[in-house]
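Scroll down for the structure; my scribbles are underneath it.
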Amino acid sequence: MAIANVWTRWRSAGDPLRAFVVAVLWLLLALFVLYPLVELIGRALSDDSGFTLAPLTAAINSRSNLRAFANSLLLATLVGVCGTFFGFLFAFTVERTRAPRFWVRLLDVATLLPLISPPFTTSIAFVFSFGPRGFITHDLLGMNNASVYGLSSTLAAETLTYFPLAYMALRPMLAGIGGDLEEMAFSLGSSRWRVFRTVTLSLTVPGLANAFLLLFAASLADFATPLILAGNDFPVLPTEAYLQITGMFDLKGGAVLSLLLLVPAGIVYLLQHHVVGRRRYVTMTGKGRASASQNSVAPWAGAALMAFCLTAVLFILYLYALLLIASLVTSFGANHTLTLAHYRVIFTEGLPAIEDTLIIALIGMPIGGLYGVVVGYLVARTEFIGRPAMEIVTMLNYALPGTIVGIAYLIAFNQPPFLLTGTAAIIIACYVFRYSPTGIRTTVALLQQIDRSIEEASFSLGASSFMTFRRIMLPLIMPAFFAGLSVVFIRSMTAISATIFLVSINWTLITVRILENMTELSLGPAAAFSVFVILVVVVVTGVLNKVLRRLTAPGLRLPAVEG
Amino acid sequence: MIERGEPAGIRLEGVSATMRDRNRGEITAVRDVDLDVRPGELMTLLGPSGCGKTTTLRMIAGFQAPSGGRILIAERDVTHVPANQRDIGFVFQNYALFPHLTIFGNVAYGLQVRNNSAGEIERAVAEALELVGLAGFGERLPNELSGGQQQRVALARAIVIRPRVLLFDEPLSNLDAKLRVSMRGEIRRLQQALKITTVYVTHDQEEAMAISDRIAVMEAGRVVQLDSAEALYRRPASAFVAGFIGRANLLHAIVESVNADGAILDVGGQKITVPAQGAPGAPVSVVIRPESIAIVSTDTGLTGVVQSRTYLGDKIEYEVSFGGQMLNIVRFNPAEDEGHPPGTTISISIPSADVRLVD
Numbered sequence: 008m009a010i011a012n013v014w015t016r017w018r019s020a021g022d023p024l025r026a027f028v029v030a031v032l033w034l035l036l037a038l039f040v041l042y043p044l045v046e047l048i049g050r051a052l053s054d055d056s057g058f059t060l061a062p063l064t065a066a067i068n069s070r071s072n073l074r075a076f077a078n079s080l081l082l083a084t085l086v087g088v089c090g091t092f093f094g095f096l097f098a099f100t101v102e103r104t105r106a107p108r109f110w111v112r113l114l115d116v117a118t119l120l121p122l123i124s125p126p127f128t129t130s131i132a133f134v135f136s137f138g139p140r141g142f143i144t145h146d147l148l149g150m151n152n153a154s155v156y157g158l159s160s161t162l163a164a165e166t167l168t169y170f171p172l173a174y175m176a177l178r179p180m181l182a183g184i185g186g187d188l189e190e191m192a193f194s195l196g197s198s199r200w201r202v203f204r205t206v207t208l209s210l211t212v213p214g215l216a217n218a219f220l221l222l223f224a225a226s227l228a229d230f231a232t233p234l235i236l237a238g239n240d241f242p243v244l245p246t247e248a249y250l251q252i253t254g255m256f257d258l259k260g261g262a263v264l265s266l267l268l269l270v271p272a273g274i275v276y277l278l279q280h281h282v283v284g285r286r287r288y289v290t291m292t293g294k295g296r297a298s299a300s301q302n303s304v305a306p307w308a309g310a311a312l313m314a315f316c317l318t319a320v321l322f323i324l325y326l327y328a329l330l331l332i333a334s335l336v337t338s339f340g341a342n343h344t345l346t347l348a349h350y351r352v353i354f355t356e357g358l359p360a361i362e363d364t365l366i367i368a369l370i371g372m373p374i375g376g377l378y379g380v381v382v383g384y385l386v387a388r389t390e391f392i393g394r395p396a397m398e399i400v401t402m403l404n405y406a407l408p409g410t411i412v413g414i415a416y417l418i419a420f421n422q423p424p425f426l427l428t429g430t431a432a433i434i435i436a437c438y439v440f441r442y443s444p445t446g447i448r449t450t451v452a453l454l455q456q457i458d459r460s461i462e463e464a465s466f467s468l469g470a471s472s473f474m475t476f477r478r479i480m481l482p483l484i485m486p487a488f489f490a491g492l493s494v495v496f497i498r499s500m501t502a503i504s505a506t507i508f509l510v511s512i513n514w515t516l517i518t519v520r521i522l523e524n525m526t527e528l529s530l531g532p533a534a535a536f537s538v539f540v541i542l543v544v545v546v547v548t549g550v551l552n553k554v555l556r557r558l559t560a561p562g563l564r565l566p567a568v569e570g
Numbered sequence: 013m014i015e016r017g018e019p020a021g022i023r024l025e026g027v028s029a030t031m032r033d034r035n036r037g038e039i040t041a042v043r044d045v046d047l048d049v050r051p052g053e054l055m056t057l058l059g060p061s062g063c064g065k066t067t068t069l070r071m072i073a074g075f076q077a078p079s080g081g082r083i084l085i086a087e088r089d090v091t092h093v094p095a096n097q098r099d100i101g102f103v104f105q106n107y108a109l110f111p112h113l114t115i116f117g118n119v120a121y122g123l124q125v126r127n128n129s130a131g132e133i134e135r136a137v138a139e140a141l142e143l144v145g146l147a148g149f150g151e152r153l154p155n156e157l158s159g160g161q162q163q164r165v166a167l168a169r170a171i172v173i174r175p176r177v178l179l180f181d182e183p184l185s186n187l188d189a190k191l192r193v194s195m196r197g198e199i200r201r202l203q204q205a206l207k208i209t210t211v212y213v214t215h216d217q218e219e220a221m222a223i224s225d226r227i228a229v230m231e232a233g234r235v236v237q238l239d240s241a242e243a244l245y246r247r248p249a250s251a252f253v254a255g256f257i258g259r260a261n262l263l264h265a266i267v268e269s270v271n272a273d274g275a276i277l278d279v280g281g282q283k284i285t286v287p288a289q290g291a292p293g294a295p296v297s298v299v300i301r302p303e304s305i306a307i308v309s310t311d312t313g314l315t316g317v318v319q320s321r322t323y324l325g326d327k328i329e330y331e332v333s334f335g336g337q338m339l340n341i342v343r344f345n346p347a348e349d350e351g352h353p354p355g356t357t358i359s360i361s362i363p364s365a366d367v368r369l370v371d
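Chains A and B, in that order, are what the protein sequence lines are.
The number in this note's numbering is simply the position in the first sequence, starting from 1, with 7 added.
The number in this note's numbering is simply the position in the second sequence, starting from 1, with 12 added.
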């Protein structure tokens, strides 16, 4: 009954246990979110004499840095536009045409793949397809020395990697625009095209803006794709910052460059929260809404849309097939003898990386899941001083580009009093504070659906606080906990942008090994590693889903949260 | 079901509730309320939204602590007893069914908390579901049921534990009109059969009149009148009560003279009598029910001009200007040739017994 007492006290206002938990959380947030940022800014904006803006102005005045900055913005804008366009077409096709159910499932699978893959899977497949020995460039077109590197392939790879985010954000939005609105416009004499322009598209504008910003931020922060595909002629900020640090051992220069990244990232964040956030038309009347009209697209247009989406899907599947084949042949493009040699390599030479990654992911997963649920509960259901501030601070590392977070950690934990460089703890901390916010937001969204009267009903029936928590609240929060677990695990397996600064001889990561393989041009092991990561992610998230389904009744539905 | 002893009474002594509101600061939702709910009685708290009726109910349940006063259930002071030890059944406006439990699981929950044996629970749940007409629904989930069915489950869940006190918080407001009427009959029938002391919160006066033994009309955090439905209707203590229970004409008048039978009032030159005393020359308000005014063919000295006439089948409603004020008159079961089109001057009679002086 000790736990029951603890739970009782936890619930009552201003109780010591909750105050203790809040205090511990603030300490952790101060150490792992605020302190590194302060250190980063301090390092970037100081010289021997103290605080100065000189490094920043010097960086801005450098031609090469300005070029990287402009390139980053150009790439992010193009990815935002193209990805939103793709995402909208996919969402519109699924929600508004008579696409057969099987095709829709195929679309869902193909859009899910990039989300659970290491970030540069698409890039590697691009090299296999369009590189000097690429399947299309070399084998089909007979080109020699085709160059895959540059803006266009980076743009294509990032668009394919990130458009599923736009698809996932836009699909519920389109579904939310009831068919009755479109039918109403029809009945007033509009043509289909006019209805699309004036009703459907107009109502989706906030969603489109949101999707654009989402992709803009993702592309701005993307480190792996440009590192592999951008080449020397198209430098962008995250890769420049990385090369500054690893190539020239100039930590301060890297810090300054990452600060340049902070400006557009900050602007996008503010836009998302203060402009788009307020303009949501989507009709939430509480009444059962009319199902989406399937009559709003002319049959020929529907067929064209489906053909377009199917082509894109086939292309994605083709890229993943290339990856699989490359991992199973001696040398892709030259010697197509089937072999398991690459897998032998990753399970011998690569074994330490696999072990390290799995250990880090498996330790970070429960910590991140628990952290997400606790913070989510505190933020959604309790009142304490500094609650809104905590809500913002917990989101910081999530919203910042990984390069900034990684360099900040590198600077902050490289010296006493917090010497963590070279440990697994620094990587785990990075993942927990960077990827748990999804769990937090899911918990908050879930708790907002659970009326307080549910708890009161349990009390009125004689249940104690602990009984109420165990039998009612715990099963209801469980889906959010598992969502948090999945996201932290997937990201721990696939992320690289922040943690590439944090690996060491003692602790390294699969994603870092893939990158090393790519630079050494040992493409086979890189492909094998990628396939392995995808398989592990699919298996683990599958198991998590199965366990969750066993634990909860079908009466619950998890609110959709991006990320 | 678990058998319980005699029904318990509920007493509120000077109960107040102050709450902190983010926008309005400190607000007093309930002021110094005294209530005495008799054992086995169904008492309704009736009033417009924001009058403090739900807050009062939540304090009886123990979801909210009063800022002053005492609450007694069966003569035991429960003011500081948590909700889970008060032995209550609560039916929420939004049903508050546990979404992850089946109907059986929902109804059984309170019994499982009380550590009853599995066989006993099964029997009691089956009986409770039978009582609310949902036998055989045990394996379904709440979201597979209609609103009316969900409310029945909430009812079964509350009564299966045989609480000493049953509390309803606007239980029918999410249902459609027809269902509301049949459900309120069902609630009344169950409450009578089980003899559970019940407090019922609603803003619907018809609902309150249909099911209550007594009604406490609340206004701005206070109980302004507590009586049976009939007494409230016939003898409203204030214009507010008169307007809230049924329809009422409120007339402003001046006391002209007083005699043994009562007072003679002047309404814009026309004289009506009221069986009450008053100081001559004082301004007063009186309430007259629309259906107690008769349209007559003889000269009564009281005349009005018809402003509008609405035919509603079983009745005709008139708006009549009378002494510079507006009077609603309802004529039930109208004769086929009953005319009085707008613009005609009519003679009316107002029985003095039906005129009531209010504050």
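The beta-carbon is built from N, C-alpha and C at its ideal position, and this holds for glycine as well.
8 Å Cβ cut-off: residues of chain B touching residue i
i        : result
A/Glu463 : Ala73, Phe75, Ala95, Phe102, Phe104, Ala108
A/Pro395 : Within 8 Å Cβ-Cβ: nothing; A/Pro395 doesn't reach chain B, min ~13 Å.
CB of residue i within 8 Å of CB of residue j, strictly
i        : j        : result
A/Val263 : A/Ala66  : yes
A/Ile131 : A/Ile235 : yes
B/Val42  : B/Gly59  : no
A/Val547 : A/Phe496 : yes
A/Thr526 : A/Leu516 : no
A/Val86  : A/Leu222 : yes
B/Val211 : B/Val298 : no
B/Asp188 : B/Phe104 : no
A/Pro245 : A/Ala228 : yes
A/Pro43  : A/Ala415 : yes
B/Val317 : B/Thr285 : no
Partner residues on chain B for residue i, Cβ-Cβ distance less than 7 Å
i        : result
A/Ile479 : Phe110
A/Leu454 : Neighbours of A/Leu454 on chain B: none; closest Cβ ~13 Å, over 7 Å.
A/Met474 : Val125
Which residues DSSP lists as bridging residue i, in chain order
i        : result
B/Ser320 : B/Glu331
B/Gly326 : Before going on, a small fix: residue 326 of chain B reads as Asp here, not Gly. Per DSSP, none; premise fails for B/Asp326.
B/Thr214 : B/Leu58
B/Pro295 : B/Ile266
B/Gly101 : B/Leu178
B/Asn271 : B/Gly274
B/Ser28  : B/Gly80
8 Å Cβ cut-off: residues of chain A touching residue i
i        : result
B/Tyr121 : Ser465, Leu468, Ala470, Arg478
Partner residues on chain A for residue i, Cβ-Cβ distance less than 7 Å
i        : result
B/Arg126 : Gly469
9 Å Cβ cut-off: residues of chain A touching residue i
i        : result
B/Ile173 : Leu468, Gly469
Integer-rounded CB distance, given that residue j should sit under 8 Å from residue i
i        : j        : result
A/Ile435 : A/Gly371 : 5 Å
B/Ile173 : B/Gly101 : 6 Å
A/Pro408 : A/Leu312 : Wrong, their Cβ atoms sit about 34 Å apart, outside the cutoff.
B/Leu69  : B/Leu202 : Their Cβ separation, rounded to whole angstroms, is 18 Å, which puts B/Leu69 and B/Leu202 out of contact at 8 Å.
B/Asp216 : B/Arg226 : Not confirmed; about 16 Å, so no contact.
B/Pro78  : B/Ser28  : 6 Å
A/Leu24  : A/Met397 : Not really, about 17 Å apart at Cβ, beyond 8 Å.
A/Leu181 : A/Thr211 : 6 Å
B/Ile115 : B/Gly62  : Their Cβ separation, rounded to whole angstroms, is 34 Å, which puts B/Ile115 and B/Gly62 out of contact at 8 Å.
A/Thr337 : A/Thr346 : 5 Å
Closer than 9 Å at the beta carbon, the chain B residues around residue i
i        : result
A/Leu483 : Phe110, Pro111, His112
A/Asp458 : Phe104, Asn106, Ala108
Jot down the residue ranges of each uninterrupted alpha helix (DSSP H) in the region 39 to 67 of chain A, minimum 4 residues, whole runs only, in chain order.
42 to 51
(Q) So within the region 145 to 203 of chain B, which uninterrupted alpha helix (DSSP H) runs reach at least 4 residues, ignoring any that extend past its ends? (A) 159 to 171
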